[in-house]
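What follows is a set of notes on a single structure, which appears directly below.
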Amino acid sequence: MLKPVSPKARIFWPVLGSVFAADFITKRLVVMEISPAHVPHPVIGDFFRLTLAYNRDAAMGLSLGQYSRVGFAVTAAIILVVLAAVYRGTPETSRAPVIAIALVAAGALGNLTDRLTSSLGVIDFIDIGIGDTRFYTFNVADSAITCGAILLALLSLKGERETKRHVSEGRIQKET
Numbered sequence: 162m163l164k165p166v167s168p169k170a171r172i173f174w175p176v177l178g179s180v181f182a183a184d185f186i187t188k189r190l191v192v193m194e195i196s197p198a199h200v201p202h203p204v205i206g207d208f209f210r211l212t213l214a215y216n217r218d219a220a221m222g223l224s225l226g227q228y229s230r231v232g233f234a235v236t237a238a239i240i241l242v243v244l245a246a247v248y249r250g251t252p253e254t255s256r257a258p259v260i261a262i263a264l265v266a267a268g269a270l271g272n273l274t275d276r277l278t279s280s281l282g283v284i285d286f287i288d289i290g291i292g293d294t295r296f297y298t299f300n301v302a303d304s305a306i307t308c309g310a311i312l313l314a315l316l317s318l319k320g321e322r323e324t325k326r327h328v329s330e331g332r333i334q335k336e337t
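Positions 162 to 337 (the working numbering) are the ones given, in order, by the sequence shown.
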């Protein structure tokens with residue numbers, strides 16, 4: 162007999178799967194349609210462009226030199242294991258934390274897939290800026306990681322405020 166799907170799994174797996182699929186598909190389309198690398202293709206003037214780039218390093222130029230591919234692949238795998246443990250510890254009725262975990266996990270999995278399948282590096286293509294003032298080129302996976310991390314941070318801050326409020330109202334006794 163099949164085990165029923167938990168409420169948090171009904172949220173987690175569709176978010177993870179759809180973000181991973183969007184990342185994977187957009188990267189493949191960009192490689193097929195806007196090669197060669199480093200040639201900007203304006204979408205909204207100079208502000209939003211598609212520019213194929215391969216990043217052997219990590220976000221914002223963080224590098225481990227010749228060990229970047231292996232080092233960041235191992236880091237992503239460790240992060241996925243940690244996220245799995247956090248997911249398992251999340252209450253069944255949680256929604257926002259599960260979405261945040263799924264976003265970060267999907268992004269980590271997307272970039273890990275690139276590192277494992279290509280020696281060129283992670284495929285980046287979203288290019289935002291004005292003139293020579295540009296943000297780092299990024300991808301759907303990077304966006305998911307950033308949004309998930311921000312959501313987790315906001316939830317953590319909210320949790321701390323609620324705990325402090327409960328302590329001040331006497332609902333939770335302070336440890337002595």
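For each residue, glycine too, the CB sits at the ideal point set by N, CA and C.
| Query | Result |
| --- | --- |
| A198, DSSP secondary structure in three states | coil |
| Three CB pairs or more closer than 8 Å across the stretch 251-261 and the stretch 283-295 | no |
| Separation of I172 from P165, as counted between CA atoms | 14 Å |
| Cβ shell of A269 (< 6 Å), same chain only, five flanking positions each side left out | A237, I240, L241 |
| Length-filtered (3 minimum) beta strand (DSSP E) runs lying within the stretch 265-324 | 283-291 |
| Under the three-state DSSP convention, the category P252 falls into | coil |
| Span separating the alpha-carbon of A183 from that of T298 | 17 Å |
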